[in-house]
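K.L.:
Let me begin by handing over the structure; questions about it come next.
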Amino acid sequence: MDHDMVRIKGTRNGLVIVLDPSREFEEIKNNLLRKMESAKGFFKGAKFSLFQSQKDIPAHQQIELESICRQFGLVPNTEEPAALRSDLAVAPRTSPHADQGEAALMVRRSLRSGQKITCPSHVIVIGDVHPGAEVVSGGNILITGNCYGLVHAGAGGNRKARVIAQQLAPTVISIADRRYAPEGLGGHTPLRRQMALLTGQKIVFEQL
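Following this line, the structure appears as structure tokens:
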């Protein structure tokens, strides 16, 4: 299937772009370009590596693929191949559930209105999530700044997922199948807490 031709996986050392060795190079190149365009800058500033099992990527093809990624603000990673294989062993695949030991997708920028990121594993945002931005994660969501947008942790049903931010003032916050919209419950006062988690059937907020 086309969506398996180029897979982008988040690891502890950045993004690994996994290529299907059975597909023609032009197909792979066009598929990568479409994925970068549809990401709308979400991966800008992230380190990336190209990986293809069974056979090495020819140098001229690697240069072309790296050039596409550079156009969208990605930065080539200098990790050794052995480190990449180790990362792929723990990288998130198709399961929407994320355990504590799984790698996280790191977004090294604030998310602004209209921007959305979806990941089956944990998500770390280095910056703020502004009103109108959205983060959907199969695991935990860690925001190093403030959260004012829409966040959904444990999107595949992981009730142990948590949301952590310097200030939690979300438009809507969801964990697993539970949803909480502060403005719909009689006020616009920010929820000045640092962590949200599911207790029973309710989303509660705690200081860390």
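If you read the sequence shown in the working numbering, its first letter stands for residue -2, the second for the next number, and so on. Backbone N, C-alpha and C fix where the C-beta goes; we use that ideal spot for every residue, glycine too.
For residue 147, which option in 57, 160 and 131 has the closest C-alpha, if you only look at C-alpha atoms?
P.N.:
Cα-wise, what sits closest to residue 147 is 131.
K.L.:
Out of curiosity, what's the CA-to-CA distance linking residue 19 and residue 166?
P.N.:
Distance between the alpha carbons of residue 19 and residue 166: 47 angstroms.
K.L.:
Where does residue 143 fall in DSSP's three states?
P.N.:
Looking at residue 143 - three-state DSSP - the assignment turns out to be strand.
K.L.:
Counting only beta-carbon separations shorter than 8 angstroms, does residue 62 have a partner in chain C?
P.N.:
Annotation note: the requested chain C is absent from the structure, which comprises a single protein chain.
K.L.:
Grab me the residues of residue 103's own chain with a C-beta within less than 6 angstroms of its C-beta, minus the 5 sequence neighbours each way, in chain order.
P.N.:
Excluding residues within five positions, the ones whose Cβ falls inside 6 angstroms are 121.
K.L.:
For the candidate residues 69, 150, 117 and 178, whose alpha-carbon lies nearest to that of residue 195?
P.N.:
That would be 150, whose Cα lies nearest to the Cα of residue 195.
K.L.:
Work out the CA separation of residue 157 and residue 133 for me, nearest whole Å.
P.N.:
Rounded to the nearest angstrom, the two C-alpha atoms are 15 angstroms apart.
K.L.:
Can you tell me the Cα-Cα spacing of residue 206 and residue 163, whole angstroms?
P.N.:
Past the boundaries of the shown model lies residue 206; the chain is included only from -2 to 205, so the question cannot be answered.
K.L.:
Any idea what DSSP makes of residue 91, helix, strand or coil?
P.N.:
The predicted position of residue 91 is uncertain, since its pLDDT is 31 and thus under 50; a value taken from the coordinates is nonetheless stated next. Residue 91 falls in the coil class under three-state DSSP.
K.L.:
For residue 4 and residue 16, what's the separation of their Cα atoms in angstroms?
P.N.:
Using only the alpha carbons, I get a separation of about 7 angstroms.
K.L.:
Kindly indicate which residue of 115, 140, 118 and 135 has the alpha-carbon position closest to the one of residue 173.
P.N.:
Ranking 115, 140, 118 and 135 by Cα distance to residue 173 puts 135 first.
K.L.:
According to DSSP, is residue 57 part of a helix, a strand, or is it coil?
P.N.:
Residue state, collapsed to three classes: helix.
K.L.:
If you check the beta carbons only, do residue 40 and residue 69 fall under 8 angstroms apart?
P.N.:
Yes, these two residues count as a Cβ contact at 8 angstroms.
K.L.:
List the residues that DSSP assigns as beta-bridge partners of residue 73.
P.N.:
In the DSSP output, where bridge partners are listed per residue, residue 73 has 45.
K.L.:
What are the partner residues of residue 113, as DSSP defines its beta bridges?
P.N.:
Bridge partners of residue 113: 131.
K.L.:
Within the same chain, show all residues whose beta-carbon is closer than 7 angstroms to that of residue 105, passing over the 5 residues directly before and after it, in chain order.
P.N.:
Correct list, in chain order: 42, 43 and 123.
K.L.:
Name the one or two DSSP bridge partners that residue 168 has.
P.N.:
Answer is none; residue 168 lacks a bridge partner.
K.L.:
With DSSP collapsed to three states, give me the class of residue 68.
P.N.:
In the structure shown, residue 68 sits in a helix (DSSP, three-state: H, G or I).
K.L.:
Tell me where the alpha helix (DSSP H) around residue 33 begins and ends.
P.N.:
Residue 33 -> alpha helix (DSSP H) spans 22 to 36.
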